[in-house]
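**Student:** Top to bottom, those sequences are chains V and S.
Converting from the first sequence to this note's numbering requires adding 72 to each position, the first position being numbered 1.
Converting from the second sequence to this note's numbering requires adding 72 to each position, the first position being numbered 1.
Every residue gets a Cβ at the ideal spot worked out from N, C-alpha and C, and that includes glycine.
2 protein chains.
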Amino acid sequence: MSRENKSSNIAFRKHDHRRCQRQLLSAARQVCETRKLRLTSRRRQVLEILLASHQPLGAYDILAELNRAADAERIAPPIVYRALEFLLVEGLIHRIESRNAFISCVHPGHQCAAQFLICRDCEQVAEIENGDSGLLAQADNIGFAVDHAVVEITGVCAQCQKHGE
Amino acid sequence: MSRENKSSNIAFRKHDHRRCQRQLLSAARQVCETRKLRLTSRRRQVLEILLASHQPLGAYDILAELNRAADAERIAPPIVYRALEFLLVEGLIHRIESRNAFISCVHPGHQCAAQFLICRDCEQVAEIENGDSGLLAQADNIGFAVDHAVVEITGVCAQCQKHGE
DNA sequence: GAAGTTACGTTATAATATAACATTATGTCG
DNA sequence: CGACATAATGTTATATTATAACGTAACTTC
């Protein structure tokens, strides 16, 4: 597959995945340092699993991964959920509500209102930077104080449309 | 439950709730008739529970309500989930992904891409008609074929902001 | 190094959702 | 009508996702 068909979008065009992981992990470290927070080994471990996947993973997928890595210890759900909670709050990962899953953030720490395009075929997720405005403006208009916006668009990505033909 | 007067926006400004319920139920009947679908008594029952609440309810809340109504029968989860599935597919209710909950649709059958403003204080939800476009246009631009858009904005509604002061 | 705090570990259980199969109701076509 | 097909409901069991509650270890600060 030479000309890796101009894969649709932002987050998922062809890229050096290793390098990407390294950079994002490094950015996460930076963020934590700046904020005087501890990116403990558990937290890092969970983040790394998400970075490695680059796709949404359920909490129990992560748990399984941890238990695969661990030699004998049996890691239990709260450990994962706590790490996820930390990473979410710090904007290092996102939760995909419509899948009960988690995915690493492409702009660590920027608590931007992220938006997602989710392909139901290949399950890949593209994170789109902000984009909207109209929406939040509308909320503002009627005096609604926005905390957090969940924008998740499901469909079929360009690649998968081609393959499906 | 004197929530009636706290309500703020679009979907929740003060209104004749009884009348609203009746109208929406009638609209649902219409939709089903047109589409040659059966709005069976279970389905109607579930829809009515959602209409009566006008707020998001979890599947198990609905289940509890059914069991309260039923005399002795013990209704089980699949019954509720199946009715919900039907109502969802026909666009008579929506699922609020970020709450694992369901809410009746304000425009039955219009499978419009609905958007929600969710107040984390009073838990009321306003359904906004489409409004957007920028988003979907953006998806379109990169060749992403949209199926379904989840837009759920959490925050504090105007009313609750006042009361909180 | 003792006290306070934060993170981690453990056990149990809550909350949400579905698989699989049996039964009943409804439609339909001879 | 009556037999077959289909759709809807009912039932049992279990899967999946998430959290409460409490104990232990690690780090921080004085």
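List the whole-angstrom C-beta distance separating L159/S from V118/S, where the pair is believed to meet the contact cut-off of C-beta under 8 Å.
**Tutor:** About 7 Å separates the two Cβ atoms, so the contact holds.
**Student:** Are at least three pairs of beta-carbons, each pair with one atom in the stretch 187-200 of chain S and one in the stretch 164-175 of chain S, less than 8 Å apart?
**Tutor:** yes
**Student:** Is the distance from the Cβ of L164/V to the Cβ of I147/V below 8 Å?
**Tutor:** No, these two residues do not count as a Cβ contact at 8 Å.
**Student:** Roughly how many angstroms lie between the CA atoms of R115/S and H179/V, to the nearest whole one?
**Tutor:** 44 Å
**Student:** Applying the 10 Å Cβ sphere with the 16-neighbour rule, what's the burial state of A141/S?
**Tutor:** exposed
**Student:** For L193/V, which residues from the same chain have a beta carbon less than 6 Å from its beta carbon, with the 5 sequence-adjacent residues on both sides left out?
**Tutor:** For the sequence presented, residue 193/V should be read as Asp rather than Leu. These residues qualify, in order along the chain: V228 and C232.
**Student:** Cα separation between L138/V and P149/V?
**Tutor:** Answer to the nearest angstrom: the Cα atoms are 11 Å apart.
**Student:** Which residues in chain S have a C-beta closer than 9 Å to the C-beta of C229/V? List them in chain order.
**Tutor:** I214, G215, F216 and A217
**Student:** Roughly how many whole angstroms lie between the Cα atoms of D88/V and L123/V?
**Tutor:** Spanning the two alpha carbons is a distance of roughly 13 Å.
**Student:** Which chain V residues are close to H220/S, counting only those with a beta carbon under 7 Å from its beta carbon?
**Tutor:** T226
**Student:** Hey, how far is the Cα of Q187/S from the Cα of V152/V?
**Tutor:** 31 Å
**Student:** Taking its Cβ as the centre, do 16 or more other Cβ atoms sit within 10 Å of R91/V, making it buried, or is it exposed?
**Tutor:** exposed
**Student:** Using C-beta distances below 6 Å, list every residue in its chain close to A221/V, excluding the 5 sequence neighbours before and after it, in chain order.
**Tutor:** A185
**Student:** DSSP state of N104/V, grouped into three classes?
**Tutor:** Correcting the residue type first, residue 104/V is Cys in the shown sequence and not Asn. C104/V falls in the helix class under three-state DSSP.
**Student:** Cα-Cα, which of A144/V, D143/V and H126/V is closest to R167/V?
**Tutor:** H126/V
**Student:** Grab me the residues of L109/S's own chain with a C-beta within less than 7 Å of its C-beta, minus the 5 sequence neighbours each way, in chain order.
**Tutor:** E162
**Student:** Over what stretch of residues does the beta strand (DSSP E) that includes S176/S continue unbroken?
**Tutor:** A173 to S176
**Student:** If you draw a straight line from the alpha carbon of R101/S to that of V103/V, how long is it in whole angstroms?
**Tutor:** 55 Å
**Student:** Skipping 5 residues on each side, what residues in its chain have a beta carbon closer than 8 Å to that of P236/S?
**Tutor:** Before going further, note that residue 236/S is Gly rather than Pro in the sequence given. For G236/S, where only same-chain residues beyond five positions count, the Cβ hits under 8 Å are D193 and V228.
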